[in-house]
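K.L.:
Quick note on this note's numbering: the sequence shown kicks off at 1 and runs consecutively.
Right, I'll just put the structure down here and ask away after.
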Amino acid sequence: MNIFKKAFILIIGVTFYSCNKNIYQNTNNSVKLNGWSYRKIAPSIKFYKENFGRFHEGKQCLNILDIDMNDPKIGIKIAYADGKLKKTSDFAKSQNAAIAINGSFFHPKQGGAVCYLKLDGRVITKSRIDLDDNYYINELDSAGIILDDNNLINIIARPDNGWDSLTTTPTILTAGPSLIINGSIQNHQIHSFNSTKFSRTGLGMTRKKHLIIVVADGNSEDSAGLTIAELTEVFAKLDCINAINLDGGGSSTMYIKGFPDNGIVNHPTDRKYYNSLGERSVADAIIISYPELK
1 MNIFKKAFIL IIGVTFYSCN KNIYQNTNNS VKLNGWSYRK IAPSIKFYKE NFGRFHEGKQ
61 CLNILDIDMN DPKIGIKIAY ADGKLKKTSD FAKSQNAAIA INGSFFHPKQ GGAVCYLKLD
121 GRVITKSRID LDDNYYINEL DSAGIILDDN NLINIIARPD NGWDSLTTTP TILTAGPSLI
181 INGSIQNHQI HSFNSTKFSR TGLGMTRKKH LIIVVADGNS EDSAGLTIAE LTEVFAKLDC
241 INAINLDGGG SSTMYIKGFP DNGIVNHPTD RKYYNSLGER SVADAIIISY PELK
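Below, the structure is given as structure tokens:
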């Protein structure tokens with residue numbers, strides 16, 4: 001995972017939709033989900049997919065989950081490989097997850113997270129400010145996903161006194177750049193990581209407590225990927241008041257239990273092929289559980 005050098009099958013009944021060059025029909029920048037192909041995964045979980053013939057100057061395939069966190073059956077946690085690297089789908093299966101996405105940034109050679117990570121009250125990793133910008137820049141730690149003991153999730157900006165100051169918050173996974181905080185679009189530094197189109201994974205929250213997960217395919221002539229500004233715009237148009245960028249490039253992975261291709265519904269590109277096989281091993285993953293989908 002060099003974050004700067006590495007820049008569907010969806011079943012509805014018996015109908016198959018795939019992100020291929022023959023079905024790119026949407027030619028505007030609208031990300032309102034009305035009219036998209038979608039499947040209801042559970043009463044409170046919907047999966048949307050859309051192919052854009054032209055979206056911010058290129059073909060795009062976007063994969064979006066809308067999860068109503070008001071449903072008490074929804075569970076969420078962070079899974080970590082304890083210094084090792086593991087595929088998102090393997091994290092999902094070991095946790096019997098309904099849904100999983102890749103988490104934050106990691107060191108491809110040493111293993112382990114490079115951003116602040118705290119699980120169940122124990123600090124696993126502090127931000128690796130000792131690394132050069134092939135592996136870490138300050139904006140990659142500018143926001144965090146926090147979970148409390150009551151299964152409540154939020155996205156917050158890095159506190160002025162640092163992440164260690166959140167002594168009563170049991171679980172923190174940091175990443176970045178922050179995209180939207182308390183309804184405010186965030187500014188981003190001039191850097192190739194932000195301005196280059198990549199596969200991207202991001203997570204947002206709406207005012208109505210819907211968790212929005214976006215995985216944009218990229219690194220391919222069939223889907224260009226998004227810049228950080230473009231990813232921010234997607235979350236803003238989906239009414240998110242808080243949103244964060246997670247690891248991207250070949251790490252971007254969305255898993256849904258029971259779907260074909262080992263549950264991988266996007267096109268990871270770690271092997272430089274636009275299919276479900278290019279899944280990269282990562283340090284951590286965000287796990288969504290639902291009792292009826294075990």
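A virtual CB, placed ideally from N, CA and C, is assigned to each residue, including glycine.
#1: Can you look up N138 in the DSSP assignment and give me helix, strand or coil?
#2: Could you tell me which of I185, N182, S184, F235 sits nearest to G202, measuring between CA atoms?
#3: With a cut-off of 8 Å, do at least 3 Cβ pairs link the segment 217-225 to the segment 59-72?
#4: In angstroms with no decimal places, state the Cα-to-Cα distance between L277 and D149.
#5: Run the CB neighbour count on S89, radius 10 Å, all protein chains shown included, and call it buried at 16 or more, exposed below.
#6: Give me the Cα-Cα distance between S192 and E292, rounded to the nearest whole angstrom.
#7: Alpha carbon to alpha carbon, how far is S132 from N266?
#8: Among residues of its own chain, excluding the 5 on either side of L119, which ones have a beta-carbon nearer than 7 Å to its beta-carbon?
#9: Just to confirm before moving on: does the CB-CB distance between I244 and S178 stay below 8 Å?
#10: Going by CA-CA distance only, name the one from A113, K73, A97 that's closest to K84.
#11: May I ask you to verify whether the segment 193-212 touches the segment 245-252, counting CB pairs closer than 8 Å and requiring at least 3?
#12: Starting from V234 and walking both ways along the alpha helix (DSSP H), at which residues does that stretch end?
#13: E279: buried (16+ other C-beta within 10 angstroms of its C-beta) or exposed?
#14: Buried or exposed, going by whether 16 or more other CB atoms sit within 10 Å of the CB of K49?
#15: Select from D68, F105, E57 the residue whose C-alpha is nearest the C-alpha of G250.
#16: What does a CB cutoff of less than 8 Å around K111 pick up in its chain, not counting 5 residues either side in sequence?
#17: To the nearest angstrom, how far is the alpha carbon of G53 from that of E233?
#18: When DSSP labels each residue in this structure, what does A143 get in the three-state scheme?
#19: Tell me where the beta strand (DSSP E) around N102 begins and ends.
#20: Tell me which residues share the same chain as S94 and place their Cβ nearer than 6 Å to its Cβ, disregarding the 5 neighbours each side in the sequence.
#21: Have a look at I129, I185, I145 and flag the residue whose alpha-carbon is nearest the alpha-carbon of N138.
#22: Does the distance from the CB of K46 to the CB of D71 come in under 8 Å?
#23: Please list, in chain order, all residues of the same chain as Y274 whose beta carbon is under 6 Å from its beta carbon, the five residues on each side excluded.
#24: If you draw a straight line from the alpha carbon of H56 to that of E230, how long is it in whole angstroms?
#25: Considering only the alpha carbon of each residue, which of I76, L173, R200 lies closest to V123?
#26: Who are the near neighbours of K376 in its chain, counting only those whose CB is closer than 7 Å to its CB and skipping five residues on each side?
#27: What does the Cβ neighbour count give for D160, buried or exposed, with the cut at 16 atoms within 10 Å?
#28: Beta carbon of I241, beta carbon of M205: below 8 Å?
P.N.:
In this structure, then:
#1: helix
#2: F235
#3: yes
#4: 36 Å
#5: Buried is the call here.
#6: 43 Å
#7: Note on residue identity: the sequence assigns Asp, not Ser, to residue 132. CA-to-CA, the gap between D132 and N266 works out to about 30 Å.
#8: I78, Y80, T171
#9: yes
#10: A113
#11: yes
#12: 228-237
#13: Buried.
#14: buried
#15: F105
#16: First, the amino acid is wrong: residue 111 is Gly here, not Lys. Closer than 8 Å at the Cβ level, and outside the excluded window around G111, lie A81, G83, K84, L85, A283.
#17: 18 Å
#18: strand
#19: 99-102
#20: none
#21: The shortest C-alpha separation from N138 is found at I129.
#22: no
#23: S220, D222, H267
#24: 8 Å
#25: It is L173 whose Cα lies nearest to the Cα of V123.
#26: Only positions 1 to 294 of the chain appear in this structure, which leaves residue 376 out of reach.
#27: exposed
#28: yes
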